[in-house]
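Right, one structure below, let's go through it.
Residue numbers (this note's numbering), protein chains in the order written: chain A, 1 to 114; chain B, 1001 to 1599.
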């Protein structure tokens, strides 16, 4: 088993978080959020991958044929659907922020603090 | 009875769909009635389920896919008394919020009803889910509805900032949960809580399990706003409409703690049975830090809703400390704090809503003396604020006293005073604000408090004849929680079952009902002398601190307080990048500590 996919996943997650922490633009920040989230797809798919396994479609296939894990694919799909909703909402809010404040810099819209 | 659990989700979600679908067909009032009826049904079903599940957990396998040979192949809802009670509270508070907003938010109420119902269904689903991945889906659904509700009044920059910070921090928390779930699945090949828990008891790959537990727990703690994952909460709750805040503060924050307790006792407890204390101590320390920081920050606010938001953080800390004791009494204490605090915090937010509607401001200093001559409002405010401190047999007292007992039983006599002091701090700030607003006492200026913020009051007049009775009902219910006969014994029995991993697993996977003792009696339990003294002490402390806060600017001594106050305020910068930094560092710290202590 290769550890590479896991390392890639951790790296992508860290890169995304770094982007969010240092971001000066809400649209850029929303993209970084999707980058962080992509790490979950890499992780889920590498968890379910089976060396030499075919796609998990069993019609017309002999019993006992090796296939990759279908559960993680369902999980990734759900994950995508859920996160697209969050992303859409953040982007909509970013648009409204621009309309109200004329900027999308999170530092400048910090109206509340302390 | 196994048909009830799915209804708790189906009824609100279907009603939400009906309200949207009939948007242009039915008159608005009919839609409101549909929404209110759905919330009432959810609440009633929750209560029925709670009473039924006291005799044994109720399980529902979707599509009839029950486990074969002890292997879960379907998805289940499991109702135990604590989860069902929480679902009932969710339904009840959403009902209250809908009735209240019916008289409060006139425009755009249609989308509002829909979002509230979606949030309600998602919270019930989260509380009842027996499947780890489904918990994540409900968490996100609840979150999405909540972000939209926070930014509901998008005419101002404040709500937008609050909603953005809320969405991003909780979004990242959600990703942490997914990564943790993926790792747990990689280790065990299961998503059912009972099944994962059973697989983990066999030991092995501790490092992986520690990472998985850290990520899942930290993800849920983001929702629960525990230090250092709490920074988003004050921004969001300060700007959301008051009835929304009542639901958020009353149940949505605390539901993250239910998630932590659930995954710990059904999943990870088996893997770390030998080093339970190491897990519990981290939760306990986070809880104490959260309680004290929340109390202190509440004291530094002048924006009343923001002050309430910090008091919510403070009480979440108290609940987490109760859970972190890892005993039935501690968990029962946390549950009773949750119930009383949920009602009282909701009541305070609803009272604030009336104040905003009447006086067009939520600033303690602006409102100085302006709300005089409103005895009912003042009574509600002071009653709820005092109830949060927990004088003997009022409000939060019962939960506090159970946590006291649990703490002294586990040899942690230092814990109760800290928790009582934290609660007194939060209560003192609310009493201070009340004294300024309703009685006109105290100094007119205080430079120690946070800077002023704009608040846009709701557009039109409100019907006090609806708002006041609803608010009063919630506050009174919250105050009498401590004297409900049999409540402590029953929550403790429920907590005992909540913690029993083996019984849960054999019930879920093999359908074997656990043997239960006789129903707990309806009796009042005499509290220990210590708790009574603590309760009196905390109340006195809250009153004294409130008085000091009122006249502090005239008394002097500000120079000493200013640097720590400035440091605390600097931490709560309002900038999302900083929040995510704290979140990442916090998760790394929790994981690091567990990596060392659980090894």
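Note that beta-carbon positions come from the ideal geometry of N, C-alpha and C, so glycine has one too. The structure presented is a predicted model; accordingly, all values stated were derived computationally and were not measured.
query                                                                                                                                                                   : result
Out of B/1595, B/1591, B/1584, which has the shortest C-alpha to C-alpha gap to residue 19 of chain A?                                                                  : B/1584
Residues in the stretch 65-78 of chain A with C-beta within 8 angstroms of chain B's C-beta atoms, listed in sequence order?                                            : 71, 72, 75, 78
Between B/1264, B/1285, B/1287, B/1286, which lies nearest to residue 1276 of chain B when the distance is taken from Cα to Cα?                                         : B/1264
Distance check for residue 1023 of chain B and residue 1004 of chain B, CA to CA, integer angstroms please.                                                             : 28 angstroms
Please give me, in chain order, every unbroken run of the beta strand (DSSP E) with length at least 3 that falls completely inside the stretch 1137-1217 of chain B.    : none
Give the residues from the stretch 1195-1209 of chain B that approach chain A closer than 7 angstroms (Cβ to any Cβ), ordered along the chain.                          : none
What does residue 55 of chain A reach in chain B if we use C-beta pairs closer than 8 angstroms?                                                                        : By Cβ distance, chain B contributes nothing, its closest Cβ being about 19 angstroms from residue 55 of chain A, past 8 angstroms.
Any beta carbon from chain B within less than 7 angstroms of residue 51 of chain A's own beta carbon?                                                                   : no
Can you say whether residue 4 of chain A is buried or exposed, counting buried as having 16 or more other CB atoms within 10 angstroms of its CB?                       : exposed
Taking the alpha-carbon positions, what's the residue 1366 of chain B to residue 1451 of chain B distance?                                                              : 12 angstroms
So, are the CB atoms of residue 1269 of chain B and residue 1501 of chain B less than 7 angstroms apart?                                                                : yes
Between residue 1083 of chain B and the rest of its own chain, which residues show a CB-CB distance below 6 angstroms, the 5 nearest in sequence each way excluded?     : 1127, 1128
Under the three-state reduction of DSSP, which class applies to residue 58 of chain A: helix, strand or coil?                                                           : coil
Just to confirm the assignment, what range does the beta strand (DSSP E) spanning residue 1079 of chain B have?                                                         : 1076-1079
Classify residue 1058 of chain B as helix, strand or coil using the three-state DSSP reduction.                                                                         : strand
Ignoring anything shorter than 4 residues or poking outside the stretch 1325-1407 of chain B, list the alpha helix (DSSP H) runs there in chain order.                  : 1328-1359, 1375-1389
Per the contact definition of three or more C-beta pairs closer than 8 angstroms, is the stretch 1088-1102 of chain B in contact with the stretch 1237-1256 of chain B? : yes
Does the beta carbon of residue 1140 of chain B sit closer than 7 angstroms to a beta carbon anywhere in chain A?                                                       : yes
When the distance is taken between beta carbons, is residue 1314 of chain B closer than 7 angstroms to residue 1287 of chain B?                                         : no
Looking at the secondary structure, which residues open and close the alpha helix (DSSP H) in which residue 11 of chain A lies?                                         : 4-22
Mind checking residue 58 of chain A: buried by the 16 CB within 10 Å criterion, or exposed?                                                                             : exposed
Between the Cα of residue 1405 of chain B and the Cα atoms of B/1347, B/1075, B/1334, B/1468, which residue gives the shortest distance?                                : B/1334
Taking residue 27 of chain A as the reference, which of A/108, A/110, A/92 has the closest Cα?                                                                          : A/92
Could you pull the start and end residues of the alpha helix (DSSP H) that residue 1498 of chain B belongs to?                                                          : 1487-1498
Can you tell me where the alpha helix (DSSP H) with residue 73 of chain A in it begins and where it stops?                                                              : 70-101
So residue 1168 of chain B contacts chain A; which residues on that side make the cut at Cβ distance below 8 angstroms?                                                 : 20, 29, 33, 90
Between the beta-carbon of residue 1424 of chain B and the beta-carbon of residue 1389 of chain B, is there less than 7 angstroms?                                      : yes
Please confirm whether residue 80 of chain A has its beta-carbon closer than 7 angstroms to some beta-carbon of chain B.                                                : no
Buried or exposed: residue 1063 of chain B, going by 16 or more other Cβ atoms within 10 Å of its Cβ?                                                                   : exposed
Tell me the rounded alpha-carbon separation between residue 1431 of chain B and residue 1381 of chain B.                                                                : 8 angstroms
Less than 7 angstroms between CB atoms is the rule here; does residue 110 of chain A satisfy it with respect to chain B?                                                : yes
Taking DSSP as the reference, what is the three-state secondary structure of residue 1068 of chain B?                                                                   : strand
Could you check the C-alpha separation between residue 21 of chain A and residue 1008 of chain B for me, to the nearest Å?                                              : 39 angstroms
Determine which residues of the stretch 1164-1193 of chain B have a Cβ less than 7 angstroms from any Cβ of chain A, and write them out in chain order.                 : 1164, 1167, 1168, 1171, 1172, 1175, 1178, 1179, 1182, 1185, 1186
Which residues bound the alpha helix (DSSP H) around residue 1042 of chain B?                                                                                           : 1028-1053
Is the stretch 1345-1364 of chain B touching the stretch 1483-1497 of chain B in the sense that three or more CB pairs, one from each, lie closer than 8 angstroms?     : no
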